[in-house]
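Peer 1: Using the numbering used here, the first residue of the sequence shown is number 1279, and each one after it goes up by one.
Think of the CB as a built atom: it goes at the ideal place given N, C-alpha and C, for glycine as much as any other residue.
Bear in mind the structure is a predicted one, so any value in this text is a computation, not a measurement.
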Amino acid sequence: MRSVLVLAMLAACDFPTPSQDYACRVNADCETGRICERGYCVIGTAGPNPDASNTVTPDAAIDGAPMPDADPFAQIRQQCIAAGYTQDASGLHRAVGNGQSWVNAQADCADDVPGATHLIVLSSAAEVSYAAGQLGWIGLSDRTTEGQFQNVTLEPNDLRPWEPGQPDNGGGSEDCAHIRSSGRLDDDQCGNGRDYICECDGRPPAP
């Protein structure tokens, strides 16, 4: 008799069965009073603020946070190209053929894409070769402290292939460096008008 009662009680319970009638993917697939759990509709109520589609929206879509850029320099590159820079084997450069003082040349370069452009700093043999084909001012001077040449971005280990006997501070007033067709550097008076080469590498010039 006890076994019969247990069977009767179990029969009265509403357990989900793995049948096509109760199969579901989201709560909306179930009839009123049931929710989707583990692929089947069971009796119950959804929690507070249920997602109608039972899907999760990625955080980036919720808060609008941008996805990481595979190339963080891409935007700067586009801005520099728009400002007249061209890509060569050694980087992004703009050669200017109108004679300017070193100070004016540096100001012109720095104004192209503020915080990302300046007179060229020779960082590789390829860059020295490129600059030698253009001639003019480069981003190197001892205007701050006589005899202590610094490049405009304060980069360490830049290349400085001086001509033999240079820099010599001829006349006591040669503080700015320019590159010759030989690929060698010479110091000259900063106020002299020379062609110059701008570089875009994302580095800001030192104040």
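1. Rounded to the nearest angstrom, how far is the Cβ of Asp1436 from that of Asn1429, given a contact under 8 Å?
2. Taking just the CA atoms, how far does Cys1387 sit from Arg1472?
3. Mapping the DSSP letters down to three states, classify Tyr1474 as helix, strand or coil.
4. What residues match up with Arg1312 in a beta bridge as DSSP calls it?
5. Going along the chain, which residues of its own chain have a beta-carbon closer than 6 Å to the beta-carbon of Leu1400, five neighbours each way excluded?
6. Quick check on Asp1329: does DSSP put it in helix, strand or coil?
7. Quick one: give me the first and last residue of the beta strand (DSSP E) that Ala1403 is part of.
8. Restricting to Cα atoms, I'd like to know which of Asp1389, Tyr1318, Pro1445 and Gln1378 is closest to Cys1478.
9. Of all the options Phe1427, Gln1378, Arg1355 and Gln1365, which has the alpha carbon lying nearest to the alpha carbon of Gly1393?
Peer 2: With the structure as the only source:
1. 5 Å
2. Their backbone Cα atoms lie some 14 Å apart in a straight line.
3. strand
4. Ile1321
5. Closer than 6 Å at the Cβ level, and outside the excluded window around Leu1400, lie Val1406, Asp1436 and Leu1437.
6. The pLDDT assigned to Asp1329 is 46, lower than 50, so where the model puts this residue is not dependable, and the model offers no usable value.
7. Ala1403 -> not in any beta strand (DSSP E); alpha helix (DSSP H) instead, spanning Ala1403 to Ala1410.
8. Asp1389
9. Arg1355
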